[in-house]
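K.L.:
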Amino acid sequence: MSNEPIKTTQEPTKEEHTWTEQIEIAGSELVERTKELIEEGNVRRLIIRTQDDKLLLEVPLTAGVAVGGVVAVVAPVLAALGAMAALLARVKVEIVRTKGSGGEE
7 MSNEPIKTTQ EPTKEEHTWT EQIEIAGSEL VERTKELIEE GNVRRLIIRT QDDKLLLEVP
67 LTAGVAVGGV VAVVAPVLAA LGAMAALLAR VKVEIVRTKG SGGEE
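Each residue of the sequence shown is one higher than the one before, counting from 7 in the numbering used here.
#1: Report buried or exposed for residue 24, applying the criterion of at least 16 other Cβ atoms within 10 angstroms of its Cβ.
#2: Quick test of your reading: residue 52 and residue 37, contact by CB under 8 angstroms. State the CB separation rounded to the nearest angstrom.
#3: What three-state label does DSSP hand residue 41 in the structure shown?
#4: Is residue 62 helix, strand or coil by DSSP?
#5: If you draw a straight line from the C-alpha of residue 70 to the C-alpha of residue 32, how long is it?
#6: Which term fits residue 61, buried or exposed, when burial requires 16 or more other beta carbons within 10 angstroms of its beta carbon?
#7: Roughly how many angstroms lie between the CA atoms of residue 90 and residue 97, to the nearest whole one?
#8: Do you know how far the Cα of residue 105 is from the Cα of residue 94?
#9: Taking DSSP as the reference, what is the three-state secondary structure of residue 36?
#10: For residue 40, count neighbouring Cβ atoms within 10 angstroms of its own Cβ and tell me buried if that reaches 16, exposed if not.
#11: Distance check for residue 29 and residue 15, CA to CA, integer angstroms please.
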């Protein structure tokens with residue numbers, strides 16, 4: 007065995023800060039508000055719940071995908087939200103956001 011130290015390199019990792027906020031909206035506003043949230047770009051997950059906190063839908067959003075691409079990928083989900091919105095008076099939307107430590111969103 008050699009007594010030479012093993013050289014290792016470690017690439018710096020970006021820290022990602024995540025936080026959650028919850029809003030309550032009318033079912034009729036669900037699709038439009040969801041589109042707005044997706045376009046913001048720093049939303050990583052949307053969780054739709056009833057007034058009783060029962061989970062209806064959880065939508066993971068991929069980081070780094072162009073906004074137009076995300077909306078196209080999530081289009082079937084938006085259609086499902088539209089159908090649910092017709093049946094629900096009010097819903098809770100839990101929004102999981104991220105922000106990199108370098109000030110990047």
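Quick reminder that beta carbons are idealized off the backbone N, C-alpha and C, glycines included.
P.N.:
Taking the coordinates as given:
#1: exposed
#2: The pair is not a contact, with the Cβ atoms about 12 angstroms apart (cut-off 8 angstroms).
#3: helix
#4: strand
#5: Low per-residue confidence applies at residue 70: pLDDT is 48, beneath 50, and the placement is therefore not dependable enough to give any value.
#6: exposed
#7: 10 angstroms
#8: 32 angstroms
#9: helix
#10: buried
#11: Only weak support is given to the placement of residue 15: the predicted model assigns it a pLDDT of 48, under 50, and the question is left unresolved by the model.
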